[in-house]
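K.L.:
Numbering (this note's numbering), first residue to last: 1 to 406.
(1) Let me confirm a value: residue 85 is counted as buried when at least 16 other C-beta atoms fall within 10 Å, else exposed. Which label applies?
(2) State buried or exposed for residue 104, treating a residue as buried only when at least 16 other CB atoms are found within 10 Å of its CB.
(3) Less than 7 Å separating the beta-carbons of residue 282 and residue 240?
(4) Using only CA atoms, which one of 306, 87, 313, 252 lies nearest to residue 135?
(5) Could you pull out every unbroken alpha helix (DSSP H) segment of at least 4 residues lying fully inside the stretch 256-340, listed in chain order?
(6) Would you mind reading off the limits of the alpha helix (DSSP H) that contains residue 213?
(7) So is residue 342 buried or exposed if we call it buried at 16+ other beta carbons inside 10 Å?
(8) Where residue 140 and residue 304 are concerned, what is the direct C-alpha to C-alpha distance, given to the nearest angstrom?
(9) Where do the N-terminal and C-terminal ends of the alpha helix (DSSP H) with residue 86 fall, by residue?
(10) The alpha helix (DSSP H) with residue 369 in it runs from where to where?
(11) Could you tell me the alpha carbon to alpha carbon distance between residue 319 and residue 116, rounded to whole angstroms?
(12) Roughly how many angstroms lie between the CA atoms of residue 111 and residue 344, to the nearest whole one?
(13) Report, in whole angstroms, the separation of the C-beta atoms of residue 347 and residue 98, which I expect to be a contact under 8 Å.
(14) Measure the C-alpha to C-alpha separation of residue 233 and residue 213 and round it to an integer number of angstroms.
(15) With DSSP collapsed to three states, give me the class of residue 95.
(16) Would you check if there are 3 or more beta carbon pairs closer than 8 Å linking the stretch 144-163 to the stretch 283-292?
(17) Closer than 8 Å by C-beta to residue 380: which residues in its own chain qualify, once you throw out the five before and the five after it? Chain order, please.
(18) Could you pull out every residue in the same chain whose Cβ sits closer than 6 Å to the Cβ of residue 106, ignoring the five residues on either side in sequence?
(19) Run through DSSP, which three-state label would residue 109 get?
(20) Using the Cβ count rule (16 or more neighbours within 10 Å means buried), how would you classify residue 169?
(21) DSSP state of residue 32, grouped into three classes?
(22) Can you tell me whether residue 132 is buried or exposed? The criterion is at least 16 other CB atoms within 10 Å of its CB, across all chains shown.
(23) How close, in whole Å, do the beta carbons of residue 157 and residue 203 come, if the pair is a contact with beta carbons under 8 Å?
Here it is as structure tokens:
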């Protein structure tokens with residue numbers, strides 16, 4: 001499946017026009033089939049027709065990602081996919097694999113092992129290296145490397161859960177708001193829903209931009225990191241919290257604004273507003289967890305110990321194994337596999353340490369955001385119609401929107 005992320009732009013120019021024409025066709029079809037009033041309110045559309053609209057919006061989004069060519073640092077074109085039943089494909093696939101990084105070290109260590117074996121068995125050169133010391137170092141190294149991989153894997157899965165909470169909270173917020181206010185078809189109600197959807201999209205964009213920007217800063221390094229870049233990174237993480245506060249104020253207009261008070265909701269107990277605010281609370285909680293994970297690096301002493309012991313152990317591993325009665329092909333295969341296993345796990349932990357970047361195995365955060373945008377457009381279309389979706393898309397595609405990179 002083709003994917004394109006976008007850190008500096010999510011332009012919807014041609015795709016918006018195409019999406020508008022698709023929505024117009026569906027709108028005209030609904031008008032002919034269920035009548036003018038039902039088509040305008042979108043309450044007479046069947047499930048099949050609505051699924052058709054969703055599928056067409058999905059095709060439109062694929063068109064957006066296919067024609068979005070102004071990304072300064074795009075995600076890999078292809079998702080790292082594999083067939084678990086095809087053993088050869090899993091073993092030798094290069095996309096998303098550690099083979100390109102590890103293979104040179106494996107060949108170098110294997111060649112040194114072959115030279116040492118020839119010197120020991122053919123030339124009579126002896127090496128006094130204890131097998132016990134080699135085993136002790138292997139046990140310690142196994143604990144450090146495997147423990148690090150396990151901890152980073154748990155953090156990665158937690159980050160994935162937080163990203164899904166961000167997207168699902170945004171969808172549930174707009175869906176619940178649309179359901180609670182669908183009976184009000186006034187201009188003020190339409191504008192209230194449109195503004196809430198617009199701010200939700202901005203909130204999600206700001207969040208993904210903050211995560212991607214911080215990932216790029218990590219690649220720069222602490223020595224090359226300037227004060228302006230650090231301040232910009234801090235500003236990126238401040239924007240979602242500020243936008244969440246503005247959304248809470250916008251939701252409370254239902255009770256505080258004289259023009260909307262008592263008109264937007266059927267119930268007057270005031271619980272509906274707090275239910276909507278609860279989705280924002282879920283969003284901010286997941287965002288704060290992601291910010292904490294992104295800003296907290298893995299403890300350097302553990303990384304230093306594991307890396308140092310790994311390099312020394314791999315260098316002296318052939319010296320300890322040549323004493324055993326292995327044939328040449330046996331010791332070469334053993335050294336190759338041990339080097340690939342331990343060094344490969346180290347590269348896996350390095351790649352998973354920052355899951356918000358642009359590597360093939362990282363999360364495509366803008367792809368997840370685009371899917372959420374699709375769902376929001378469909379919800380607004382079902383309640384307020386085609387014109388509301390067109391207006392929302394026009395606002396979203398503006399490059400100067402809230403100073404958010406689009």
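Glycine included, every Cβ here is placed at the ideal spot set by N, Cα and C.
P.N.:
On the basis of the coordinates in this document:
(1) Counting the other CB atoms within 10 Å of its CB gives residue 85 a total below 16, which places it among the exposed residues.
(2) Exposed, because fewer than 16 other Cβ atoms sit within 10 Å of the Cβ of residue 104.
(3) Going by C-beta atoms, residue 282 is not nearer than 7 Å to residue 240.
(4) Looking from the CA of residue 135, the closest CA among 306, 87, 313, 252 belongs to 313.
(5) Correct list: 271-295, 300-321.
(6) Unbroken alpha helix (DSSP H) run through residue 213: 187-220.
(7) Around the CB of residue 342, 16 or more other CB atoms lie within 10 Å, so the residue is classed as buried.
(8) Rounded to whole angstroms, residue 140 to residue 304 spans 14 Å at the Cα level.
(9) Per DSSP, residue 86 lies in no alpha helix (DSSP H) and is assigned neither H nor E.
(10) Annotation for residue 369: the continuous alpha helix (DSSP H) segment containing it runs 365-384.
(11) Taking the straight line joining both Cα atoms gives about 7 Å.
(12) Rounded to whole angstroms, residue 111 to residue 344 spans 18 Å at the Cα level.
(13) Indeed they touch by this definition, with Cβ atoms about 4 Å apart.
(14) Going from the Cα of residue 233 to the Cα of residue 213 covers about 7 Å.
(15) Assigned with DSSP and collapsed to three states, residue 95 falls in coil, not helix or strand.
(16) Contact between the stretch 144-163 and the stretch 283-292 is present, with at least three C-beta pairs closer than 8 Å.
(17) The residues are 174, 178, 193, 194, 197, 388, 389, 392.
(18) Cβ neighbours of residue 106 within its own chain (closer than 6 Å, five residues either side excluded): 336, 339, 340.
(19) Residue state, collapsed to three classes: helix.
(20) By the neighbour-count rule (16 or more Cβ atoms within 10 Å), residue 169 is buried.
(21) Any reading at residue 32 is ruled out, since the residue's pLDDT is 42, under 50, leaving its predicted position unreliable.
(22) Residue environment: residue 132 is assigned as exposed (fewer than 16 neighbouring CB atoms within 10 Å of its CB, all protein chains considered).
(23) For a cut-off of 8 Å, the C-beta gap from residue 157 to residue 203 is around 24 Å, too long to register as a contact.
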